[in-house]
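What follows is a single structure, written as structure tokens, with notes after it.
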Amino acid sequence: MSEIDRVRDFYDRTVEDEWLRLERNWLEFGVTKAFLNRFLPPSATILDIGSGPGRYALDLTAAGHAVDLRDLSGQNVAFAKKEAQRRGLRLNSARPGDARDLSDLPDASYDAVLALGPLYHLTSEDDRRRVVSEAVRVMKPGGIGVFAFISRFAAAHYQLKTDPAAIETRRAVIDDFLYEGRHRLKPETDFFVDAHFVDPAEVSAIFSGTGLEQRALFGAESMMAQSEWRLAALPAAARQQWLDFAVSVAETPAALYGSEHLVFVGTKHG
Ligand SMILES: C[S@@+](CC[C@H](N)C(=O)[O-])C[C@H]1O[C@@H](n2cnc3c(N)ncnc32)[C@H](O)[C@@H]1O
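When we follow the numbering used here, the leftmost residue of the sequence shown carries the number 75, and every step to the right adds one.
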């Protein structure tokens, strides 16, 4: 099976878990939405490519934006359509699609493009470049592009959060993420599929010469990736305080290195 087929197959098999993921990862979701609110114009036209089951797309639709949803995984697209119907929301469109080839979409047609998934599942640099150039092509001048990455430190954060006692059996995976910057699906590590990881210090340079001007680079869990699940049990008011704090420090080096997910926001030159 090719890498892209393995990624599609993985997400086709894990739709329910992917839907629930952003409930567990409430800081990742809350911090990212706070940054989207900061940069999106009202009633924006948005392409969400790599939407997964549609948490962002559905919330953005409910907030009055017009969202085209695309994902490699047909099962994720089908889930998003059903959930939109259940909530009485109308997605502008929802179809399977590959972020490397948006040739069915015209140039300069979106106020914003979200790619919160494709870049960390493509291990070839050429493929990742194609995702960015296709996203920039379909953005209007002055539009925003939002791109997610996974940190090389993510496996260490994840292990500390879930099962620190298993370090002896997990050390090889943690080191793979950190030193190799990639993960290949293997039977013994089938918690995740093929992926590419970055050092937070590398991200800005990825966008040089792409036609995007950096507006923000933030850590989606802020500095709290390891506390995220524990904090989920707090009363709502305390959670809100921690979320506000997370947003306020999300662009600091401590937050970039303390996060599993890193998000770049850029504006297309006019
Ligand atoms: C971890 S999920 C993230 C979903 C959602 N955007 C979020 O941030 O929670 C990654 C998603 O990216 C999709 N994906 C991976 N590579 C892709 C590609 N080349 N084109 C389109 N979607 C892709 C996967 O199918 C999966 O649904």
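For glycine and all other residues, C-beta sits at the position ideal for the given N, C-alpha and C.
Cβ-based neighbour list, F84, same chain, cut-off 6 Å, excluding 5 preceding and 5 following: V267
By Cβ distance, which residues of its chain are closer than 6 Å to L317, with the 5 residues on each side in sequence left out? G104
Local conformation of D86 per DSSP, three classes: helix
Are L252 and F281 close, meaning C-beta to C-beta below 8 Å? no
Is DSSP giving T243 helix, strand or coil here? helix
Can the beta-carbon of G255 be found closer than 8 Å to that of G191? no
Which of the three DSSP states, helix, strand or coil, is assigned to L190? coil
Terminal residues of the continuous alpha helix (DSSP H) containing V220? Not the alpha helix (DSSP H): V220 falls in the beta strand (DSSP E), residues 213-225.
Would D142 and L121 qualify as a contact pair, given that the criterion is a beta-carbon distance under 8 Å? yes
Residue range of the alpha helix (DSSP H) that E287 falls in? No alpha helix (DSSP H) holds E287; the beta strand (DSSP E) holding it covers 286-293.
Range covered by the alpha helix (DSSP H) that runs through G255: No alpha helix (DSSP H) holds G255; DSSP gives it neither H nor E.
Under 8 Å, do F153 and G171 count as touching if we go by C-beta distance? no
Alpha carbon to alpha carbon, how far is D178 from I218? 20 Å
First and last residue of the alpha helix (DSSP H) that includes T197? Neither: T197 is in no alpha helix (DSSP H) and is coded neither H nor E.
Measuring from the CB of G111, is there a heavy atom of ligand 1 at a distance below 7 Å? According to the sequence as given, residue 111 is Asn; it is not Gly. Checking the Cβ of N111 against ligand 1 gives no.
Rounded straight-line distance, which links the Cα of L132 to that of L96: 13 Å
Do E208 and A186 have their C-beta atoms closer together than 8 Å? no
Thinking C-beta only, is V220 closer than 8 Å to L188? yes
Consult DSSP for H231 and reduce its assignment to one of helix, strand or coil. helix
Tell whether a beta-carbon distance below 8 Å holds between V277 and L291. yes
Consult DSSP for R80 and reduce its assignment to one of helix, strand or coil. helix
Pick from R202, R211, R161, E334: whose alpha carbon is nearest that of A294? E334
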